[in-house]
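Participant: I have a structure I would like to understand better, so I am pasting it below and will then ask my questions one at a time.
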Amino acid sequence: MDSGIRHRLSEVSERFEELARLLADPGVIADQRQFRSYSREYAELEPVMQVWQSFQACETELGEAEDMLAEGDDELRNLAREEVQRIEQRQQSLTEKLQMLLLPRDPNDERSIFLEIRAGTGGQEAGLFAGDLLRMYTRYADRLGWKVEILSGQDSEAGGFREVIARVIGRGAYSRLKFESGTHRVQRVPATESQGRIHTSACTVAILPEVEEVDAVEINPADLRIDTYRSSGAGGQHVNTTDSAIRITHLPSGIVVECQDERSQHKNRARAMSLLSARLLKAEQEDQRSQRAADRKLQVGSGDRSERIRTYNFPQGRITDHRIGLTLYALENVLDGDLDPLIQPLLDAHQAELLSELK
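Heads up, the sequence shown is in numbering that gives the first Met the number 0, so the first residue is 0 and it goes up one at a time.
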């Protein structure tokens, strides 16, 4: 086993023992928020420790078998050779498991998400493409049994959206869709184009994990301006006669969130606060990432909206992900929600990069 991996396992063992002591501490038990945080970390490390203990047991068995190989008679040595081979195969399998378990885990992977789509360059075509992207993600969510709720939207003049924000509710939504953040470019002939010329438009997509209470950013109520208005557009199908829609402005950051999906002002306010918390946490994490200079060559999951991550070429039926150089001639299927042929290679590339760093 690589010395770097052994060193990491030693650190994990020390942390696991420390967590066990902390979880038995009456002071920690009395603080439910801290207790939940430690319990979650302990549960994440437990599978690593189980496999590591099995590996250490194999090392002991291997030493005993090698002693037999050095000291026994011919028959015993033959048995010892077979035992050494069996143990080494088992060790190799356990080493591979440990490598996978040691990969940095994104704590947000199991969470639901907020999906934000905004029309960029390209005018009306960009708005139509924003609608296409929303349908694509909605159909993908349907395939996986997830639920999609439109929180707010601004319709574009020719159909589609200038902006739409949705909540995708389902376990693992963030793990599958987190690499969708970025600029999506479309090349196609608009319906209004009489000369058949191809136009290029773009939309930005942002994926934000829902924030749990234990991770929530503290928000000072004095930093908020809250406005109410009547629902309209996407999410406001049941147009209200009361001011139930909510717009919250976080004054220090300038972040603005809206929710107009529910008839109840109270529910809209709760959802808007949840979205604001997610955006503030994302901004805080991005600041930390930039300070650590954690930009990767692949730029997988960087969330850099100025980055063109994917091109949808309608005349050729082609879709290209520029981060990993993947091209598929399956545009119709992808827009119908068959996203896994794009998503899985991105996840594989990200995992391979993490493995190379671990070693």
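Virtual Cβ for every residue (Gly too), placed ideally from N, Cα, C. Please read all numbers here as calculations on a predicted model, not as lab measurements.
(1) DSSP on Gly234, reduced to helix/strand/coil?
(2) From Ala190 to Leu127, what distance separates their C-alpha atoms?
(3) Helix, strand or coil for Leu338, going by three-state DSSP, please let me know.
(4) Mind reading off the beta-carbon distance from Leu97 to Val50? Whole number of angstroms is fine, and I expect it under 8 Å.
(5) Quick check: what's the CA-CA separation for Ala293 versus Leu132?
(6) What's the C-alpha gap between Leu280 and Ser252?
(7) Check whether the segment 319 to 333 touches the segment 115 to 127, taking contact to mean three or more Cβ pairs, one atom from each stretch, closer than 8 Å.
(8) Contact defined as beta carbons within less than 8 Å: I believe Ser111 pairs with Ile168. What is the distance between those atoms, to the nearest angstrom?
(9) Taking just the CA atoms, how far does Ala172 sit from Ala201?
(10) Mark Gln91 as exposed unless 16 or more other C-beta atoms lie within 10 angstroms of its C-beta, in which case mark it buried.
(11) Compare the C-alpha of Leu22 against each of Trp145, Arg35, Glu87, Thr203 and name the closest.
(12) Is the Cβ-Cβ distance between Ser12 and Asp105 less than 9 Å?
(13) Kindly confirm or deny that the segment 216 to 227 and the segment 338 to 350 touch, where touching means at least three C-beta pairs closer than 8 Å.
(14) Check each candidate in Met99, Ile28, Leu75 and name the one with the smallest Cα separation from Val47.
(15) In the DSSP assignment, the beta strand (DSSP E) including Pro25 goes from what residue to what residue?
(16) Cα separation between Thr182 and Val83?
(17) Suppose you measure from the CA of Leu353 to the CA of Leu101; what does that come to, to the nearest Å?
(18) Helix or strand or just coil, what does DSSP make of Val188?
(19) Alpha carbon to alpha carbon, how far is Gln186 from Ala56?
(20) Sorted by chain position, which residues of the same chain lie with C-beta nearer than 6 Å to Leu338's C-beta, five sequence neighbours on each side aside?
(21) What residues in its chain sit with their C-beta under 6 Å from that of Phe313, if we drop five residues either side in the sequence?
(22) In the DSSP output, which residue or residues are listed as bridge partners for His349?
Facilitator: According to the structure data:
(1) Along the sequence shown, read from residue 1 onward, the residue named residue 234 stands at position 235. Only weak support is given to the placement of Gly234: the predicted model assigns it a pLDDT of 45, under 50, and the value that follows is read from those uncertain coordinates. Coil at Gly234, not helix or strand.
(2) For the purposes of this step, residue 190 is taken as residue 191 along the sequence shown, with counting starting at 1. For the purposes of this step, residue 127 is taken as residue 128 along the sequence shown, with counting starting at 1. Going by the C-alpha atoms only, they are around 11 Å apart.
(3) On the sequence shown, residue 338 is found 339 positions in, with the first residue counted as 1. Coil at Leu338, not helix or strand.
(4) Working through the sequence shown from its first residue, we reach residue 97 at position 98. Working through the sequence shown from its first residue, we reach residue 50 at position 51. Approximately 5 Å separates the beta-carbon atoms of Leu97 and Val50; this is inside 8 Å, confirming the contact.
(5) Counted from its first residue, the sequence shown places residue 293 at position 294. Counted from its first residue, the sequence shown places residue 132 at position 133. With a pLDDT of only 43 at Ala293, under the threshold of 50, the placement of this residue in the model should not be trusted, and no figure is reported.
(6) Reading the sequence shown from its first residue, position 281 is the one you call residue 280. Reading the sequence shown from its first residue, position 253 is the one you call residue 252. Leu280 and Ser252: Cα-Cα distance of roughly 12 Å.
(7) With the rule of 3 Cβ pairs closer than 8 Å, the segment 319 to 333 does not count as touching the segment 115 to 127.
(8) Counted from its first residue, the sequence shown places residue 111 at position 112. Counted from its first residue, the sequence shown places residue 168 at position 169. That pair is a contact at about 5 Å.
(9) By one-based count along the sequence shown, residue 201 stands at place 202. By one-based count along the sequence shown, residue 172 stands at place 173. Ala201 and Ala172 have their C-alpha atoms spaced approximately 24 Å apart.
(10) The residue given as residue 91 occupies position 92 in the sequence shown. Within a 10 Å sphere around the beta-carbon of Gln91 sit fewer than 16 other beta-carbons, which makes this residue exposed.
(11) Translated into positions along the sequence shown, residue 22 becomes position 23. Nearest C-alpha to Leu22: Arg35.
(12) Position 13 of the sequence shown, counting from 1, holds the residue named residue 12. Position 106 of the sequence shown, counting from 1, holds the residue named residue 105. Not a contact, by the Cβ cut-off of 9 Å.
(13) no
(14) Along the sequence shown, one-based indexing puts residue 47 at 48. When each option's Cα is compared against that of Val47, the closest is Met99.
(15) By 1-based counting over the sequence shown, the position of residue 25 is 26. Pro25 -> not in any beta strand (DSSP E); alpha helix (DSSP H) instead, spanning 25 to 29.
(16) As a working note, residue 182 is residue 183 in the sequence shown. As a working note, residue 83 is residue 84 in the sequence shown. One C-alpha to the other measures close to 54 Å.
(17) Indexing the sequence shown from 1 puts residue 353 at position 354. Indexing the sequence shown from 1 puts residue 101 at position 102. Cα to Cα, Leu353 sits roughly 10 Å from Leu101.
(18) Position 189 of the sequence shown, counted from the first residue, corresponds to residue 188. In the structure shown, Val188 sits in coil (DSSP, three-state: anything other than H, G, I, E or B).
(19) Counting from one through the sequence shown, the residue named residue 186 turns up at place 187. Counting from one through the sequence shown, the residue named residue 56 turns up at place 57. About 58 Å.
(20) By 1-based counting over the sequence shown, the position of residue 338 is 339. Contacts found: Tyr139.
(21) Numbered from 1 along the sequence shown, position 314 holds the residue referred to as residue 313. Arg187, listed in sequence order.
(22) As a working note, residue 349 is residue 350 in the sequence shown. None, per the DSSP bridge assignment.
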